[in-house]
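Before any comments, here is the structure.
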Amino acid sequence: MYAYMTNGTYTFLKKIKEKYQHNYEMIVMHNGEKAIAYYQSEQASIFETSRDYEVIVEKGGLKEEGFIVLNHIPVTDEGKPLFETQFKERAEAIENTSGFYALRVLRPLRGNTYIVMVEWEDQASFQHWKNSDHFQKAHNKKEKPSYMAGPSYSESLQVGEEERMNKTV
Numbered sequence: 001m002y003a004y005m006t007n008g009t010y011t012f013l014k015k016i017k018e019k020y021q022h023n024y025e026m027i028v029m030h031n032g033e034k035a036i037a038y039y040q041s042e043q044a045s046i047f048e049t050s051r052d053y054e055v056i057v058e059k060g061g062l063k064e065e066g067f068i069v070l071n072h073i074p075v076t077d078e079g080k081p082l083f084e085t086q087f088k089e090r091a092e093a094i095e096n097t098s099g100f101y102a103l104r105v106l107r108p109l110r111g112n113t114y115i116v117m118v119e120w121e122d123q124a125s126f127q128h129w130k131n132s133d134h135f136q137k138a139h140n141k142k143e144k145p146s147y148m149a150g151p152s153y154s155e156s157l158q159v160g161e162e163e164r165m166n167k168t169v
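First residue of the sequence shown: 1, per UniProt numbering; consecutive thereafter.
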């Protein structure tokens, strides 16, 4: 299974989603600064400009409303097997967390930056998990993992109507 992402304005991406609503289950996520459309398929991307991935871990189902965290993690070529194994093992622990909706670990088809995408019911559910013992144990390393090819970063986005997002910000 492949995953595709593209950026654009929220309004433009909503139109793409509506156009393909009978062909693909697409979500549009946004945070006030940017909007991203995401969908999965075995077919080639429908986006003119897309970031393409292979889905290597898929847990839960993506929802039309929620809070998404995208973790962008650059991984060395020799570190890819270790990284993938580590996240396949970690996936089980997050699945039973209150407020968890979905997890996708995405291997890039070009480049070396993986994306770990997690959808939560809301930001409070994400914060609750972030304060959990499991999260602390998995992320409380003094040294960066040997598979890291550079600094990682994360971004938070809302799934659902833009108007709802503007009211909560």
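Heads up, the beta-carbon is just placed ideally off N, CA and C, and yes, glycines get one too.
Keeping to the same chain, check which residues put their C-beta closer than 7 Å to that of residue i; ignore five residues upstream and five downstream.
i	result
K167	Here the model assigns K167 a pLDDT of 43, short of 50, so the residue's position is not dependable, and the following value carries that caveat. Same-chain partners within the cutoff: there are none.
L13	V28, A35 and A37
Please report the distance separating the alpha-carbon of residue i from that of residue j.
i	j	result
G113	Q123	The amino acid at residue 113 is misidentified as Gly; the sequence shows Thr. Using only the alpha carbons, I get a separation of about 25 Å.
E163	K19	Its pLDDT being 49, under 50, E163 is placed unreliably by the model, and nothing is read from it.
G60	N7	24 Å
I27	A37	6 Å
K137	Y53	28 Å
Q43	E84	23 Å
T9	Q21	18 Å
S50	E121	27 Å
S132	S41	33 Å
N77	R110	Before going further, note that residue 77 is Asp rather than Asn in the sequence given. If I take the Cα positions, the gap works out to 12 Å.
Determine, using beta carbons only, whether residue i and residue j come nearer to each other than 8 Å.
i	j	result
V116	I46	no
S156	F87	no
M5	V55	no
V57	A91	yes
E48	Y39	no
Here's a check: name, in chain order, each residue in its chain whose Cβ is nearer than 8 Å to the Cβ of residue i, leaving out the five neighbours to either side.
i	result
I94	K59, F100, L103, V118, W129 and H134
Q127	none
Since residue i and residue j should fall inside the 8 Å C-beta cutoff, what is the C-beta to C-beta distance between them, to a whole number of angstroms?
i	j	result
G79	S146	6 Å
E64	G150	Actually they do not touch by this definition, with Cβ atoms about 34 Å apart.
Q158	N31	6 Å
Output needed for residue i: all residues of its chain with C-beta closer than 6 Å, excluding positions within five of it in sequence on either side, in chain order.
i	result
P108	Y53
T97	W129
Those runs of the beta strand (DSSP E) which lie wholly inside the UniProt domain "ABM" (67-156) and span at least 3 residues: 100-108 and 113-120
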